[in-house]
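Peer 1: Each residue of the sequence shown is one higher than the one before, counting from 82 in the working numbering.
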Amino acid sequence: MVQKIAQAVAITAKEDRSTSGTLHGSRFTRHERLKRAIGTWISLWLLAAAAVAIPIAHFVLVPLLLVAGPVLAYWRYRTTEQLSAVEGICPLCRHALILAADTRTPWPYWDLCPHCRGNIQLAFADSKDVRHADRQETVIEEMEPKR
Ligand SMILES: [Zn+2]
């Protein structure tokens, strides 16, 4: 079961102009994480089996894919949530914006408005120094994964 989550974010520009937005994402249950991991592992090992037929390249591809299968499956299993997008209004140009959520950069972080190319800061609402563990989230809906 995949839970859709949403969290309020503050979108701020340098001149103390600020608007609010929403961070969207998904949270995976243990069962869903296991299914994703097994799917990744099987896919990579099937690719390894197919790579056996490729002359010369199979010396590299087959061992690489055989090792990548369990490694990426473990990584995928450990992924408990996936942030997808920030939706809101640019405080500078007032255009509606949808930005891909940067999951590698620690929050808050700076990004560019796709309309006016102005610098905007995305931060979790409520607090100026909020870490991931302290976030206040809302579960929007729970949905069965698509097949
Ligand atoms: Zn803008």
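For every residue, glycine included, the Cβ atom is placed at its ideal position computed from N, Cα and C.
Measure the Cβ-Cβ separation of E162 and G106 and say whether it is below 9 Å.
Peer 2: yes
Peer 1: With distances taken from each beta carbon to the nearest heavy atom of ligand 1, which residues come in below 6 Å, in chain order?
Peer 2: C171, L173, C174, H176, C194, H196, C197 and G199
Peer 1: Identify whether R157 lies in helix, strand or coil by the three-state DSSP scheme.
Peer 2: helix
Peer 1: Kindly indicate which three-state DSSP category L193 falls into: helix, strand or coil?
Peer 2: Of the three classes helix, strand and coil, the one that applies to L193 here is strand, per DSSP.
Peer 1: Expressed to the nearest angstrom, what Euclidean distance is found between the alpha-carbon atoms of N200 and S99?
Peer 2: 12 Å
Peer 1: Which residue or residues does DSSP assign as beta-bridge partners of H105?
Peer 2: A87 and A166
Peer 1: Going by DSSP in three states, T121 sits in which element: helix, strand or coil?
Peer 2: helix
Peer 1: Could you tell me which residues DSSP puts in a beta bridge with F140?
Peer 2: None, per the DSSP bridge assignment.
Peer 1: Can you list, in chain order, the residues of its chain whose CB lies under 7 Å from that of A181, leaving out five sequence neighbours each side?
Peer 2: A166
Peer 1: Once the 5 residues before and after R212 are set aside, which same chain residues still bring their CB inside 7 Å of it?
Peer 2: In this prediction, R212 scores a pLDDT of 41, lower than 50, which makes its location untrustworthy; no coordinate-derived value is stated.
Peer 1: Give the secondary structure of L128 by DSSP, where H, G and I count as helix, E and B as strand, and everything else as coil.
Peer 2: helix
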